[in-house]
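Take the position in the sequence shown, starting the count at 1, then add 12; the result is the number in this note's numbering.
Beta carbons are placed, not taken as given, at the ideal position from N, Cα and C, and that holds for glycine.
Just so we're clear, the structure is a prediction, and the values are computed from it rather than from any experiment.
To keep things clear, I will list the structure first and then write my remarks on it.
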Amino acid sequence: MQARSALFDLYGDHLRPRGGRAAVAALVRLLAPLGIAAPAVRTAISRMVRQGWLHPLRLPTGPGYGITPKAARRLDAAGARIYRTQRPGGGLAAAWTGRFDLITLEPPAHRGARARLVANLGFLGYGSIDGSTWISPRPGEGVDALLTEAGVRYDRFEAEHSGGTDGAIKLVARAWDLDGIAAAYDEFVERLTPLVTAVGPGTPDERAYAVRFTLVHAWRAFLFRDPQLPPELLPERWAGTAAAAFFDHHAHRLRPAADRFVDACLTL
Numbered sequence: 013m014q015a016r017s018a019l020f021d022l023y024g025d026h027l028r029p030r031g032g033r034a035a036v037a038a039l040v041r042l043l044a045p046l047g048i049a050a051p052a053v054r055t056a057i058s059r060m061v062r063q064g065w066l067h068p069l070r071l072p073t074g075p076g077y078g079i080t081p082k083a084a085r086r087l088d089a090a091g092a093r094i095y096r097t098q099r100p101g102g103g104l105a106a107a108w109t110g111r112f113d114l115i116t117l118e119p120p121a122h123r124g125a126r127a128r129l130v131a132n133l134g135f136l137g138y139g140s141i142d143g144s145t146w147i148s149p150r151p152g153e154g155v156d157a158l159l160t161e162a163g164v165r166y167d168r169f170e171a172e173h174s175g176g177t178d179g180a181i182k183l184v185a186r187a188w189d190l191d192g193i194a195a196a197y198d199e200f201v202e203r204l205t206p207l208v209t210a211v212g213p214g215t216p217d218e219r220a221y222a223v224r225f226t227l228v229h230a231w232r233a234f235l236f237r238d239p240q241l242p243p244e245l246l247p248e249r250w251a252g253t254a255a256a257a258f259f260d261h262h263a264h265r266l267r268p269a270a271d272r273f274v275d276a277c278l279t280l
């Protein structure tokens, strides 16, 4: 687990509901149970400040950092998808309209910029038909701002399947590796089961916090892989459904102990 990614999880899952700010010393304490050393935390904080995710501030407990409006929007969007089954209807949206949001663009020439764009479009739920054509079953919130900030030329269209042989499901299979995503969900449950089931009533709060953090961190990876397609476009007995139920159960069960540990670290 890298420090920058862990900080995003920490701010999104624990600090956003507590005002989105914390002292540096508290951030170090909160990432220590995950095996992340203080120098790595401070380096990641500096990087996130440069990227516009955090801003420095003075707190009663010492120097600290708060989230920027840009980070708040990103964390709120991520939180809605991480705890997606708690939303009305249990997903990102109500009934699918049968239409896709289709984007054609000129990919950035620079390899690093291209990789960032691919990751960000994936986070917003877009899949790539080819290097310059992307689709999503719903318009991605903030996609225009994302593409403008990336400096790419693009056009967006509203599209629906109107004829042909294989239908929309075949198009979805080109844009996303659903077999690979399903296998990743199965692996997630298999890998995390021994870890979360080992935490019981007598487990110290710090250990429960670390296990829950690991669970959320692993689940967060699906934000960049799974577009959370409507049921009409998914295979029967979708593996993501069982994985979401597993995540929800253990994330809820371990929350009280994790909250106690966070509150203790913030008040030291």
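Item: Which of the three DSSP states, helix, strand or coil, is assigned to Y95?; Value: coil
Item: Tell me whether H262 sits in a helix, a strand or coil according to DSSP, three-state version.; Value: helix
Item: For L227, does the count of other Cβ atoms within 10 angstroms reach 16, so buried, or fall short, so exposed?; Value: buried
Item: Using DSSP bridges, identify the partner residues of E172.; Value: R111
Item: Can you give me the C-alpha to C-alpha distance between E153 and D88, rounded to a whole angstrom?; Value: 12 Å
Item: Give a yes or no on contact between the segment 39-49 and the segment 111-118, applying the rule of three or more CB pairs nearer than 8 Å.; Value: no
Item: Report the option in F259, E244 and A131 whose CA atom is closest to the CA atom of P149.; Value: E244
Item: Tell me the residue span of the alpha helix (DSSP H) that contains P120.; Value: Premise fails: P120 is in no alpha helix (DSSP H) and is neither H nor E.
Item: Which one of L158, F273, E202 and I115 has the shortest CA to CA distance from S140?; Value: I115
Item: Have a look at F273, A50, T215 and F20 and flag the residue whose alpha-carbon is nearest the alpha-carbon of I94.; Value: F20
Item: Within a Cβ cutoff of 8 Å, which residues of the same chain sit near D217, ignoring the five residues on either side of it in sequence?; Value: A269, A270, R272, F273 and A276
Item: Specify the secondary structure class of S144 as computed by DSSP and reduced to three states.; Value: coil
Item: Which residue's Cα is closest to the Cα of V314: R62, S58, P119 and W250?; Value: Nothing about residue 314 can be read from this structure; the chain reaches only from 13 to 280.
Item: How big is the Cα-Cα spacing for V155 and A92?; Value: 17 Å
Item: For a test of the three-state rule: what should DSSP assign to L104, helix, strand or coil?; Value: Its pLDDT being 49, under 50, L104 is placed unreliably in this model, and the value from its coordinates should be taken loosely. Three-state DSSP puts L104 in coil, outside helix and strand.
Item: To which residues of the same chain is L190 closer than 7 Å at the C-beta, ignoring the five residues directly before and after it?; Value: P247
Item: Between which two residues does the beta strand (DSSP E) holding G74 run?; Value: G74 to I79
Item: What does the alpha-carbon distance come out to for the pair G143 and A162?; Value: 15 Å
Item: Determine the extent of the beta strand (DSSP E) in which H67 is found, giving its start and end residues.; Value: L66 to L71
Item: How far does the beta strand (DSSP E) with R33 in it extend, from its first residue to its last?; Value: R33 to A35
Item: Near L133, which residues of its chain fall below 7 Å by C-beta distance, leaving aside the five closest residues on each side in sequence?; Value: W146
Item: Just grab the DSSP bridge partners of D217 for me.; Value: According to DSSP, which records beta bridges pairwise, D217 is partnered with nothing at all.
Item: Taking the straight line between their C-alpha atoms, what separation do you get for T205 and D238?; Value: 21 Å
Item: With a threshold of 6 Å on Cβ separation, who are the neighbours of L158 within its own chain once the five nearest residues in sequence on each side are excluded?; Value: N132
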